[in-house]
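Q: In the working numbering, the protein residues as written are 3 to 72.
Sharing a structure with you now.
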């Protein structure tokens with residue numbers, strides 16, 4: 003998860019590879035949903051941090067790697 007800075011806020015995870023995987027519903031570049039992408043500019047920093055916290059598990063699932071167990 004990226005560090006938060008009051009001056010810059012939480013950065014977008016976008017990497018300019020914008021394709022939605024029809025199987026998962028996640029962007030193949032950043033692993034966000036369309037709803038998360040559309041709402042990003044109006045989300046609070048706390049909501050953005052929550053999205054960031056979901057991305058590693060989504061990427062692991064999308065790549066066929068089992069997610070870590072808690």
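We put the CB at the ideal spot given by N, CA and C, even for glycine.
If residue 33 sits next to residue 60, beta carbons under 8 Å apart, how far is it from one beta carbon to the other, in whole angstroms?
A: On the chain shown, position 31 is the one that residue 33 refers to. On the chain shown, position 58 is the one that residue 60 refers to. Confirmed, Cβ separation roughly 4 Å.
Q: Once the 5 residues before and after residue 16 are set aside, which same chain residues still bring their CB inside 6 Å of it?
A: Taking the chain shown and counting its residues from 1, the one referred to as residue 16 is at position 14. Correct list, in chain order: 32.
Q: On the criterion of 16 or more Cβ atoms from any shown chain inside 10 Å, does residue 12 qualify as buried, or is it exposed?
A: If you number the chain shown from 1, residue 12 lands on position 10. Buried, because 16 or more other Cβ atoms sit within 10 Å of the Cβ of residue 12.
Q: Would you grab the beta carbon distance between residue 64 and residue 26 for me? Rounded to a whole angstrom, and I think it's under 8 Å.
A: Within the chain shown, residue 64 is the residue found at index 62, counting from 1. Within the chain shown, residue 26 is the residue found at index 24, counting from 1. Confirmed, Cβ separation roughly 6 Å.
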